[in-house]
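**Student:** Following this message is one structure expressed as structure tokens.
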Amino acid sequence: MIDLHCHLLPGVDDGSANLDVSLRLAQEAVENGVTHALLTPHHMNGVFMNHRSDVVVQTKNFQEQLEQHGIGLTVFPGQEVRINGDLLTALDNNDILFADESGQYLMLEFPDDDVPAYTSDMIYQLQQRGIIPIIVHPERNTKIMNHPNLLFELLEKGCLSQITASSYVGTFGRKVELFSRQLIEAGQGYIFASDAHDLPGRKYVMREALDKLKMEFGNELAEEFEENAKSIINGDVVTPHQLQTVKIRRKKRFGLF
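The opening residue of the sequence shown carries number 260 in the numbering used here; numbering runs sequentially from there.
Here it is as structure tokens:
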């Protein structure tokens with residue numbers, strides 16, 4: 260199992276605070292069935308800057324620690340990149356890490372409660388460079404939850420999306436769980452990832468999420484999610500889905516009328 264989004268590097272963002280925590284999280288990942296992980300510290304989100312060169316060195320050092328402690332996890336350097344006005348400049352300066360070595364798949368984050376007005380133009384600029392943005396955890400973005408067509412339109416343009424495993428199994432509450440399911444049902448989910456942090460409820464439930472996916476949508480889709488993760492990290496083609504829109508179910512003020 261491949262995890263394309265996690266915060267295991269020690270002391271670089273709001274994920275693991277130190278090496279001991281990182282090793283514990285890595286052991287939890289292995290116990291959950293994860294064999295390979297893309298380490299994705301926050302980058303350019305207004306709080307954390309984790310430059311490409313630093314993450315490459317830190318990942319190499321962490322891999323050595325994993326091997327010394329007998330933890331069977333293979334890790335790769337990556338970033339969770341916040342969409343921002345300096346992103347194209349960072350690309351020009353070779354300060355961005357991708358999910359794959361060929362520089363095709365970019366793990367792209369939005370603010371928790373917004374999809375910036377310039378998003379469509381930025382996506383176009385990225386695609387002109389041969390980059391396919393993977394929108395991370397859209398199911399927890401409050402603006403997308405209220406206006407799901409925002410994600411639909413980005414996926415129609417050729418973006419992919421990553422659903423957080425813990426969202427789908429209910430860690431973030433019933434509303435997020437149901438929206439995650441709606442996105443998957445509409446073909447708007449491509450992979451699961453852990454987004455593991457050293458925070459309450461931010462643990463490894465990848466196996467649980469895949470088992471639930473099999474139960475609700477069948478083995479074929481669960482296998483596709485796993486194959487898509489493998490294709491992304493290898494820089495291979497991910498087949499676009501036939502997309503459907505997500506309907507917002509609004510509560511009626513007067514249930515009797």
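Virtual Cβ for every residue (Gly too), placed ideally from N, Cα, C. It should be emphasised that the depicted structure is a prediction, and the values quoted were computed from it without experimental measurement.
In whole angstroms, what is the alpha-carbon distance linking Ser312 and Ile507?
**Tutor:** 43 Å
**Student:** Once DSSP output is grouped into helix, strand and coil, what is the label at Val505?
**Tutor:** coil
**Student:** For Pro397, which of helix, strand or coil comes out of DSSP?
**Tutor:** In this structure, DSSP gives Pro397 a helical state, which the three-state scheme calls helix.
**Student:** Since Val428 contacts Val464 with CB under 8 Å, what's their CB separation in whole angstroms?
**Tutor:** 5 Å
**Student:** Taking C-alpha atoms, which residue in Ser281, Pro269, Leu268 and Thr299 lies nearest to Val395?
**Tutor:** For Val395, the closest alpha carbon among the candidates Ser281, Pro269, Leu268 and Thr299 is that of Thr299.
**Student:** If distances are taken between C-alpha atoms only, which option among Tyr449, Asn478, Thr318 and Leu410 comes closest to Phe335?
**Tutor:** Thr318
**Student:** Are Leu284 and Ser275 close, meaning C-beta to C-beta below 8 Å?
**Tutor:** yes
**Student:** Checking the sheet assignment: what are the DSSP bridge partners for Tyr364?
**Tutor:** Beta-bridge pairing links Tyr364 to Ile391.
**Student:** Select from Gln384, Glu339, Thr504 and Thr348 the residue whose C-alpha is nearest the C-alpha of Phe369.
**Tutor:** Glu339
**Student:** Per the contact definition of three or more C-beta pairs closer than 8 Å, is the segment 320-333 in contact with the segment 360-369?
**Tutor:** The segment 360-369, when compared against the segment 320-333, does not touch it at the 8 Å Cβ threshold.
**Student:** Would you check if the distance between the CB atom of Leu367 and the CB atom of Gln447 is smaller than 8 Å?
**Tutor:** Pairing Leu367 with Gln447 gives a Cβ-Cβ distance that is not under 8 Å.
**Student:** Is the segment 431-446 touching the segment 386-395, taking contact as three or more C-beta pairs under 8 Å?
**Tutor:** no
**Student:** Taking the C-alpha atoms as reference points, what is the distance between Asn353 and His310?
**Tutor:** 9 Å
**Student:** Could you check which residue in Asp372, Gln286, Met308 and Val316 has the C-alpha nearest to that of Gly331?
**Tutor:** Gln286
**Student:** Between Leu356 and Met381, which are expected to be in contact by the criterion C-beta below 8 Å, what is the C-beta distance as a whole number of angstroms?
**Tutor:** That belief does not hold up - the Cβ atoms of Leu356 and Met381 are roughly 18 Å apart, past 8 Å.
**Student:** Less than 8 Å separating the beta-carbons of Leu409 and Lys402?
**Tutor:** yes
**Student:** If you draw a straight line from the C-alpha of Val505 to the C-alpha of Asn400, how long is it?
**Tutor:** 15 Å
**Student:** Provide the residue span of the alpha helix (DSSP H) that contains Ser439, from first to last.
**Tutor:** Arg433 to Glu444
**Student:** With distances taken from CA atoms, which of Pro375, Pro397 and Glu483 is nearest Phe438?
**Tutor:** Pro397
**Student:** Would you mind reading off the limits of the beta strand (DSSP E) that contains Ala296?
**Tutor:** His295 to Leu298
**Student:** So Leu268 and Phe321 are in contact, right, with Cβ under 8 Å, and what is the actual spacing, rounded?
**Tutor:** Taking a contact as a CB-CB distance under 8 Å, the pair Leu268 and Phe321 counts as one, their CB atoms being some 6 Å apart.
**Student:** In the DSSP output, which residue or residues are listed as bridge partners for Cys265?
**Tutor:** Leu298 and Ala455
**Student:** Going by other Cβ atoms of all chains shown within 10 Å of its Cβ, with 16 needed for buried, is Gly477 buried or exposed?
**Tutor:** exposed
**Student:** When you compare only the Cα positions, how much space is there between Arg440 and Val316?
**Tutor:** 38 Å
**Student:** If you follow the alpha helix (DSSP H) that Val315 is part of, which residue opens it and which one closes it?
**Tutor:** Arg311 to Gln327
**Student:** For Phe255, which residues from the same chain have a beta carbon less than 6 Å from its beta carbon, with the 5 sequence-adjacent residues on both sides left out?
**Tutor:** It is not possible to answer for residue 255, since the shown part of the chain is limited to 260 through 516.
**Student:** Just grab the DSSP bridge partners of Phe335 for me.
**Tutor:** In the DSSP secondary-structure assignment, Phe335 is bridged to Leu297.
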